[in-house]
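Some notes on the structure that comes next.
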Amino acid sequence: MNEKINLKLPCKPEFINVARMNISVIANNMKMDYEVIQDLKVAISEACNNVIIHSDSESHYEIDFIVKREKLVVEINDFGNGFDFGNYNEPDLENPKESGLGLFIIDSLMDEFEIETKNGNGTKIRMIKNV
Amino acid sequence: MNEKINLKLPCKPEFINVARMNISVIANNMKMDYEVIQDLKVAISEACNNVIIHSDSESHYEIDFIVKREKLVVEINDFGNGFDFGNYNEPDLENPKESGLGLFIIDSLMDEFEIETKNGNGTKIRMIKNV
Amino acid sequence: MSLEITEIIEKDDICKISIVGEMDINSYLIVKEKLDEILENKIVNIEINCENLSYIDSTGIGVLIGILKKIKKEEKQISIVNAKNNIKRLFNITGLDKIFVIK
Amino acid sequence: MSLEITEIIEKDDICKISIVGEMDINSYLIVKEKLDEILENKIVNIEINCENLSYIDSTGIGVLIGILKKIKKEEKQISIVNAKNNIKRLFNITGLDKIFVIK
Ligand SMILES: Nc1ncnc2c1ncn2[C@@H]1O[C@H](COP(=O)(O)OP(=O)(O)O)[C@@H](O)[C@H]1O
Ligand SMILES: Nc1ncnc2c1ncn2[C@@H]1O[C@H](COP(=O)(O)OP(=O)(O)O)[C@@H](O)[C@H]1O
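Residue numbers (our numbering), protein chains in the order written: chain Z, 1 to 131; chain G, 1001 to 1131; chain C, 2001 to 2103; chain V, 3001 to 3103.
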């Protein structure tokens, strides 16, 4: 099985719950556990929050949900600024700050996590959860 | 306000609940009533059922949700066979049949309903619910 | 959420079933097959408890109409019990409130 | 579903609040503003009842860290009460279980 669902959302905070709800139904259809679905909701929201807060995308961003027998792949694509991932630092958990936790949370909650981004050229976040 | 959400779904019955869930969150964000949301779920499902049962679309179909201040516009587009709407007959409610109720139900539940279809050229169902 | 038939009580000339969940394009066959199976032995009245039926559309309504056709010849009927408002509304729109007994 | 602060009990040097719903990018400011307002008068310990907090992410966690910074100087603390498993897990991952009191 290899089915793709694609969702285009306005770059506005009030539509992030639509992204969350989609991952929730799709993962539920795949018979994932309640706790895993909660984690997926957080992970997708972190990526969407970043699009809205940092990407400076004009109007819409896209999410692909790729349903495979053994895993769910989620790709969040924006067409905004991108950033220099070389400058990214993991948060220092001993000295918590108000920001800088999003990517770290995605990485912690998901089985696989990749980021493709270039200054000025949009960002693609790819996260995978195994069934 | 005029925001568009676009959803591309595989032409398979097991993803229809994704369409339902989307309309449900979006209408809920618009503060529509519970009963109205139930009607919207039925209306969108009727249109999606038809794509899956009748359109003979190859892989995907598309749904646009257009959120305006005073109404929700939903367009279901498939790229399948289309049909001759000139041959369409409303159901005879005195003599119920197992099939033929879908479009009639959409028309009854929604405030506006339009269909654009040509033999061989896909179908677009447009339904509007006022807030 | 999918669909389940949680209870089947066959008694004299009536069979009562409870449908729980969503009766849609993915699940209507479960109900159709169960009712066909029941009616295979004997044509009886059918009473459907819809207290926990959260969703039905024309695929589900089609099943019920098909079943009614089968049992009507022997003057049996379908009763719908405890349906939620949105489901009742759908039965009204499609005229089923006139051919089913809605309780 | 959105977010509500359903209860605020100020008593001596502790203020207890209950957060209900989803603390996300749309709603975290409600909590931030309420806590800032409380601390404007007096720096107190904060106890957050999370029994009905169904969702939180880094936007919400950021608020709590900001508040902790404010009250830590006066040796006050934040306690998290009745958090659901998924929320506790997030606090563990981000190390907040070491700087908040998780009950
Ligand atoms: N989609 C994006 N577009 C542009 N920059 C991004 C994007 N996602 C992340 N970033 C950059 O990566 C940094 C780290 O992100 P994150 O770990 O989520 O923490 P935070 O968003 O709180 O800063 C952000 O501050 C931002 O500079
Ligand atoms: N998306 C579509 N593609 C092709 N044909 C369609 C589509 N939607 C509706 N139709 C045609 O319109 C007819 C009436 O549809 P409907 O009222 O939903 O009843 P039913 O689906 O039960 O036949 C269908 O039988 C079909 O021939």
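Ideal Cβ positions, reconstructed from N, Cα and C, are used throughout, including at glycine.
- With the rule of 3 Cβ pairs closer than 8 Å, the segment 2020–2033 of chain C does not count as touching the segment 1119–1129 of chain G.
- In the DSSP assignment, Asn2 (chain Z) forms a beta bridge with Z:Lys68.
- Going by C-alpha positions, Val74 (chain Z) is about 49 Å away from Asn2045 (chain C).
- Contact check for Phe65 (chain Z) against Asn22 (chain Z) passes: the beta carbons are separated by less than 8 Å.
- With contact defined as three or more Cβ pairs closer than 8 Å, the segment 1042–1053 of chain G and the segment 1106–1116 of chain G are in contact.
- Looking only at Z:Ile63, Z:Ser59, Z:Gln38 and Z:Tyr34, the smallest Cα-Cα distance to Ala47 (chain Z) is reached by Z:Ile63.
- Separation of Met1030 (chain G) and Leu93 (chain Z) (C-alpha to C-alpha, rounded to the nearest whole angstrom) is 39 Å.
- For Glu98 (chain Z), the C-beta contacts it makes with chain V under 7 Å involve Gly3062, Ile3065 and Gly3066, in order along the chain.
- With respect to the 8 Å criterion, Ile2087 (chain C) and Ile2048 (chain C) are not classified as neighbours on the basis of their beta carbons.
- Judged by DSSP secondary structure, Lys3069 (chain V) falls within the alpha helix (DSSP H) whose first and last residues are Ser3058 to Lys3072.
- Asp1039 (chain G) sits buried, since 16 or more C-beta atoms from the chains shown fall within 10 Å of its C-beta.
- From the listed residues C:Gly2066, C:Asn2041, C:Ile2008 and C:Lys2072, the smallest Cα separation to Val2020 (chain C) is found for C:Ile2008.
- The nearest non-hydrogen atom of ligand 1 is 7 Å or more from the C-beta of His1060 (chain G).
- Taking a C-beta distance under 8 Å as the contact criterion, Tyr1088 (chain G) and Ile1076 (chain G) do not qualify as a contact pair.
- In terms of Cβ geometry, Ile3061 (chain V) and Leu101 (chain Z) form a close pair [threshold 8 Å].
- Residue burial is scored here from C-beta neighbours: Leu3029 (chain V) has fewer than 16 other C-beta atoms within 10 angstroms and is therefore classed as exposed.
- Each of V:Ser3054, V:Lys3069, V:Lys3011 and V:Lys3098 was checked against the Cα of Asp3036 (chain V), and the nearest Cα belongs to V:Lys3069.
- Closer than 8 Å to the CB of Leu3029 (chain V) there is not a single CB belonging to chain Z.
- Residues of chain C with a Cβ closer than 7 Å to the Cβ of Glu1046 (chain G) are, in chain order, Asp2057 and Ser2058.
- Straight-line measurement puts the Cα of Glu2074 (chain C) at about 60 Å from the Cα of Lys12 (chain Z).
- In this model, Cys2050 (chain C) and Pro1091 (chain G) are separated by some 25 Å (Cα to Cα).
- Asp78 (chain Z) has its Cβ nearer than 7 Å to a heavy atom of ligand 1.
- If you ignore the 5 residues before and after Glu1112 (chain G), its C-beta comes within less than 6 Å of the C-beta of Ile1128, all in its own chain and listed in chain order.
- Under the rule that a run must span 3 or more residues, the beta strand (DSSP E) segments found entirely inside the segment 1027–1104 of chain G read 1060–1068 and 1071–1078.
- Here Gly80 (chain Z) is buried: its Cβ has 16 or more other Cβ atoms, across all protein chains shown, within 10 Å.
- The three-state reading of DSSP puts Phe2091 (chain C) in helix, counting H, G and I together.
- Residues of chain G with a Cβ closer than 7 Å to the Cβ of Asn2086 (chain C) are, in chain order, Glu1035, Gln1038 and Asp1039.
- Apart from sequence neighbours up to five positions away, the residues of its chain that approach Asn130 (chain Z) with a beta-carbon distance below 7 Å are Glu70, Lys71 and Asp111, ordered along the chain.
- In the three-state scheme derived from DSSP, where H, G and I count as helix and E and B as strand, Glu3051 (chain V) is classed as coil.
- Comparing C-alpha distances from Phe1085 (chain G) to each of G:Asn1050, G:Glu1116, G:Ser1055 and G:Pro1096 shows the shortest one belongs to G:Glu1116.
- Not one heavy atom of ligand 2 is found less than 7 Å from the C-beta of Leu2090 (chain C).
- For Tyr2028 (chain C), the shortest separation between its Cβ and any heavy atom of ligand 2 does not lie below 7 Å.
- Closer than 8 Å to the CB of Pro1010 (chain G) there is not a single CB belonging to chain C.
- Ligand 2 has a heavy atom closer than 7 Å to the beta-carbon of Ile1053 (chain G).
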